[in-house]
Amino acid sequence: FYHPYVCLLIEQLDRHGIEGILRPDPEKEPTEQKKTQVKGLRRQQLSEAFFNSAYAPNDEAVVNVLELAGQQKKSAGPLDEFDFSYGGAYAVYNWELFFHGPFMIAKRLGANRRFAEAQLWFHYIFDPTYARSASGPSVWPERVWQIKPFFEHGIGKSIEKAMLLLKSSGLSKKELAERGHGTRYW
């Protein structure tokens with residue numbers, strides 16, 4: 012089993028408890044490097060290219076092989092990141108750690124009428140009371156989601172745009188296609 016940030020997660024858990032993973036605070040960290048790393052842990056935004064530094068591929072040979080196949084070199088290689096994609100190598104682990112675990116605990120606490128504690132756990136997923144930071148997002152959808160896939164899904168989207176797509180008159184072909192794609196699975 013490999014997870015690129017397991018050492019960071021264990022360190023945060025040891026030093027700060029579950030809050031260190033689900034609501035990391037960079038200001039509690041002793042060094043600037045650690046502050047930057049913990050800041051990236053917020054909403055699981057850490058992402059680092061590792062392939063070129065670890066394996067030092069011959070770029071000329073890679074480009075020549077890709078040209079033979081009629082392709083272009085797209086990126087610096089695979090990334091170490093918090094993967095939530097369908098079928099991702101450690102996506103299930105990330106979903107369990109950042110969504111299903113807190114959600115299950117919150118539901119159980121709520122069922123046992125411990126509502127204040129349940130609310131704390133729900134806020135690890137969705138927190139409408141989360142204060143806007145100077146470097147963080149200020150608009151509502153981006154600010155409240157605490158988990159990477161939900162946070163990224165809400166970026167730049169608004170309910171007004173979604174409601175306009177439900178109207179049938181005056182839509183462009185692109186907007187009609189977007190509406191069809193969004194409602195196909197209903």
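Counting from 12, one number per residue, gives the positions in the sequence shown under my numbering.
Quick reminder that beta carbons are idealized off the backbone N, C-alpha and C, glycines included.
Model, not experiment: these values are computed from the prediction.
- It is roughly 39 Å from the alpha-carbon of residue 141 to the alpha-carbon of residue 184.
- Taking a contact as a CB-CB distance under 8 Å, the pair residue 109 and residue 158 counts as one, their CB atoms being some 5 Å apart.
- Comparing C-alpha distances from residue 16 to each of 53, 162 and 128 shows the shortest one belongs to 53.
- The beta-carbon distance between residue 60 and residue 19, rounded to whole angstroms, is 17 Å. This is too long to meet the 8 Å contact definition.
- Within 10 angstroms of the beta-carbon of residue 137 lie fewer than 16 other beta-carbons, which makes it exposed.
- By DSSP's assignment, residue 58 forms a beta bridge with 92.
- Between residue 46 and residue 37, the C-beta spacing is below 7 Å.
- In this structure, residue 32 places its C-beta atom within 7 Å of the C-beta atom of residue 23.
- For the 7 Å CB-CB criterion, residue 92 and residue 58 form a contact.
- Per DSSP, the beta bridge partners of residue 156 are 137.
- Taking 7 Å as the cut-off, the Cβ atoms of residue 160 and residue 132 do not count as close.
- If you draw a straight line from the Cα of residue 99 to the Cα of residue 139, it comes to about 29 Å.
- By the C-beta density criterion, residue 103 is exposed, having fewer than 16 other C-beta atoms within 10 angstroms.
- In this structure residue 123 is exposed. Its beta-carbon is surrounded by fewer than 16 other beta-carbon atoms within 10 angstroms.
- In the structure shown, residue 123 falls within a coil segment according to DSSP collapsed to helix, strand and coil.
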